[in-house]
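S.K.: Mind having a look at this structure? Questions to follow.
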Amino acid sequence: MPRIVNIGPYRPQLLEPERFELLVENNKIIDANIELGYVHRGIEKLFTTKTYMQNLALAERICGICSGVHTLCYAQTVEKITDTPVPERAKYLRCIYMELERLHSHYLWFGVLAHTLHEHEAFLRIMVEREHVQDLLEYLTGNRINYLINTVGGVRRDITLKKAEKVREVLKNLRSLSDYIMSLLDDNGVFTEKIKGVGVLTRKKALEVGAVGPTLRGSGVKSDIRRDDPYAAYGELDFEVITEDDGDVYAKSLVRARETFESISIIDQAIENLPEGEISVKPGEPLVKEEIGRVEAPRGELFYYIKSNGTNMPERVKVRTPSFANDYAIIEMLRGERLENARVIIESIDPCFACTDRVTVIDVKTGRRREVQL
13 MPRIVNIGPY RPQLLEPERF ELLVENNKII DANIELGYVH RGIEKLFTTK
63 TYMQNLALAE RICGICSGVH TLCYAQTVEK ITDTPVPERA KYLRCIYMEL
113 ERLHSHYLWF GVLAHTLHEH EAFLRIMVER EHVQDLLEYL TGNRINYLIN
163 TVGGVRRDIT LKKAEKVREV LKNLRSLSDY IMSLLDDNGV FTEKIKGVGV
213 LTRKKALEVG AVGPTLRGSG VKSDIRRDDP YAAYGELDFE VITEDDGDVY
263 AKSLVRARET FESISIIDQA IENLPEGEIS VKPGEPLVKE EIGRVEAPRG
313 ELFYYIKSNG TNMPERVKVR TPSFANDYAI IEMLRGERLE NARVIIESID
363 PCFACTDRVT VIDVKTGRRR EVQL
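Start counting at 1 in the sequence shown, then tack on 12, and there's your number in the numbering used here.
Now the structure itself:
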């Protein structure tokens, strides 16, 4: 007889709360449901109570790990609202900062994966060497996370020749970390046997459920906003969109591991070709219009919609984060899997639950349900 197994809302491997309800029979997952709403913060409403510049600090608090890419997407959308041209140097600097953020995000994911698979030596090495990225971000921006480096009209801090040399020095160490992670995924790697063939998401299903980022690219779909809809200086930099065809946790791991090399290459190119000039300009006045913006966050496509009524506060801001898009992929990957694989499958999308949460409001008189957004 089928039984219900609950995972969460609180568990040791992930700090944010979320509940997964699994229908299990003979240790096999028949179906799954995700319960959202444990850390709803009303951020979309708060956006409409603050000025465009004040909202930068709010945007980066949607997600701690990819805080920088949130301010970038928000700033670029506001730059369309205010018709603000961004200096070329600022565009290249944005690429550098965002690829450093992608590196620390991917390395963190591999640390969590090692912890999940009980590979403690790998966990310690990855997390210790990842600190080089965090220290570099602090050196360049003034903070290890929530660094508010992007602003409407450019960036807040420049990269001098001295700082550029520091970046190159750190990148050498990061290449060795990426090489080590690849060794964990080779034919005899300690990760390989535990995750190969687990949590398969076919190409067809990935497209049907709207998966994004490494989750989608791990199913063989060559999709990356940096290439498909270039922003900042990505249209002037060479990089490969990494894909793997098998769609399992192993494929998603390979995508992230290979992407770290691409991020290092992008940073190298951006530093080498960094244009002279200003790093920011004063933004224009908000126009009465609606605009959308999208960027490739470490987890996938991040989408912002802003409606302006011409005042210094937005009338409406809507955010769709990659974790929200990938939640449906989790359900597909869980169905038909063994119960003991549930944890690593859930973590394979690199979930961020705080930026996913919605609140369901139920009218006690009519029973009507509606969702309140992020």
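Every residue gets a Cβ at the ideal spot worked out from N, C-alpha and C, and that includes glycine.
Computed from a prediction, not measured in an experiment: that's the story for all the values here.
Beta-carbon separation of Cys85 and Phe315 under 9 Å?
M.R.: Yes, they are a contact pair.
S.K.: Using only CA atoms, which one of Leu160, Ile357, Asp339 lies nearest to Gln66?
M.R.: It is Leu160 whose Cα lies nearest to the Cα of Gln66.
S.K.: Less than 9 Å between the C-beta atoms of Leu112 and Leu152, yes or no?
M.R.: Yes, they are a contact pair.
S.K.: Could you give the first and the last residue of the continuous alpha helix (DSSP H) run that contains Ala223?
M.R.: Where Ala223 is concerned, there is no enclosing alpha helix (DSSP H), given that its DSSP letter is neither H nor E.
S.K.: Would you be able to state if there are at least three C-beta pairs under 8 Å between the region 323-341 and the region 276-285?
M.R.: No, they do not touch.
S.K.: State the DSSP-derived secondary structure class of Lys40, mapped to helix, strand or coil.
M.R.: Three-state DSSP puts Lys40 in a strand.
S.K.: Within a Cβ cutoff of 6 Å, which residues of the same chain sit near Phe122, ignoring the five residues on either side of it in sequence?
M.R.: Answer for Phe122: Ile138, Ile193, listed in chain order.
S.K.: For the beta strand (DSSP E) that Leu314 lies in, which residues bound it at each end?
M.R.: Here the beta strand (DSSP E) through Leu314 covers 312-321.
S.K.: Quick one: residues in its chain with C-beta nearer than 7 Å to the C-beta of Leu266, no 5 flanking neighbours on either side, listed in chain order?
M.R.: Cβ neighbours of Leu266 beyond the five flanking positions: Leu197, Glu256.
S.K.: Closer than 6 Å by C-beta to Arg114: which residues in its own chain qualify, once you throw out the five before and the five after it? Chain order, please.
M.R.: Cβ neighbours of Arg114 beyond the five flanking positions: Ser275, Pro310.
S.K.: Among His127, Ala134, Glu177, His132, which has the Cα closest to the Cα of Leu148?
M.R.: Leu148 has its Cα closest to that of Glu177, out of His127, Ala134, Glu177, His132.
S.K.: Considering Arg137, what are the terminal residues of the alpha helix (DSSP H) in which it resides?
M.R.: Element bounds for Arg137: 132-153.
S.K.: From the DSSP output, which residues share a beta bridge with Lys301?
M.R.: Paired residue(s): Ser320.
S.K.: Helix, strand or coil: how does DSSP classify Ile157 here?
M.R.: Coil.
S.K.: Give the single residue among Arg169, Val307, Glu344, Glu131 whose Cα lies nearest to the Cα of Ile237.
M.R.: Among Arg169, Val307, Glu344, Glu131, the Cα nearest to that of Ile237 belongs to Val307.
S.K.: If you reduce the DSSP assignment to three classes, tell me which class Ser235 lands in.
M.R.: Ser235 falls in the coil class under three-state DSSP.
S.K.: Verify whether the separation of the beta carbon atoms of Glu33 and Val17 is less than 9 Å.
M.R.: Against a cut-off of 9 Å, the Cβ pair of Val17 and Glu33 comes out as a contact.
S.K.: Pick out whichever of Ala354, Glu220, Lys206, Val81 has its Cα sitting closest to the Cα of Ser231.
M.R.: Nearest option by C-alpha distance: Glu220.
S.K.: Give a yes or no on whether the C-beta atoms belonging to Arg268 and His118 are separated by under 9 Å.
M.R.: Going by C-beta atoms, Arg268 is nearer than 9 Å to His118.
S.K.: Distance check for Thr378 and Leu186, CA to CA, integer angstroms please.
M.R.: Approximately 57 Å, taken between the alpha carbons.
S.K.: Assuming Pro298 contacts Asn324 (C-beta within less than 8 Å), just tell me the rounded distance between them.
M.R.: Yes, they are in contact, since the Cβ atoms of Pro298 and Asn324 sit about 6 Å apart, within 8 Å.
S.K.: How about Ala102 and Val36: are their beta carbons less than 9 Å apart?
M.R.: Their beta carbons are not under 9 Å apart, which means Ala102 does not touch Val36 by this criterion.
S.K.: Tell me the residue span of the beta strand (DSSP E) that contains Val331.
M.R.: Where Val331 is concerned, the enclosing beta strand (DSSP E) stretches over 328-332.
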